[in-house]
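Shown next, in structure tokens, is the structure this report addresses.
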Amino acid sequence: MIHFNKKLLLGAIFMSLTFTGCNEILDEQPRSIYTVDYFSTADGVNQSFTSLYRQLRLLYGNGYFMSNCQKRNG
961 MIHFNKKLLL GAIFMSLTFT GCNEILDEQP RSIYTVDYFS TADGVNQSFT SLYRQLRLLY
1021 GNGYFMSNCQ KRNG
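In terms of the working numbering, the sequence shown is numbered consecutively and its last residue is 1034.
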């Protein structure tokens, strides 16, 4: 029982030291900064919609084609 408690205590100490958060890791740096003029042009709006559609495709993938393959005839 004492051997089990030592392992548990050492595991808890190891996890508390390993999984503590650091401010440097948790702070997010912006990948890009949009200005007010970015959305005032048609090109900027088109680029923003293109990036939205790209993210949706990554999220949903080719789900339409996958669901067609799973349907059974009959």
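Built from N, CA and C at the ideal position, the CB exists for glycine as well.
- ALA972 and HIS963 have their C-alpha atoms spaced approximately 14 Å apart.
- For SER992 against PHE999, the beta-carbon gap comes to about 13 Å, at or over 8 Å, which does not count as contact.
- Under the three-state reduction of DSSP output, SER992 falls in the coil class, being neither helix nor strand.
- A straight-line Cα-Cα distance of about 13 Å links ALA1002 and VAL996.
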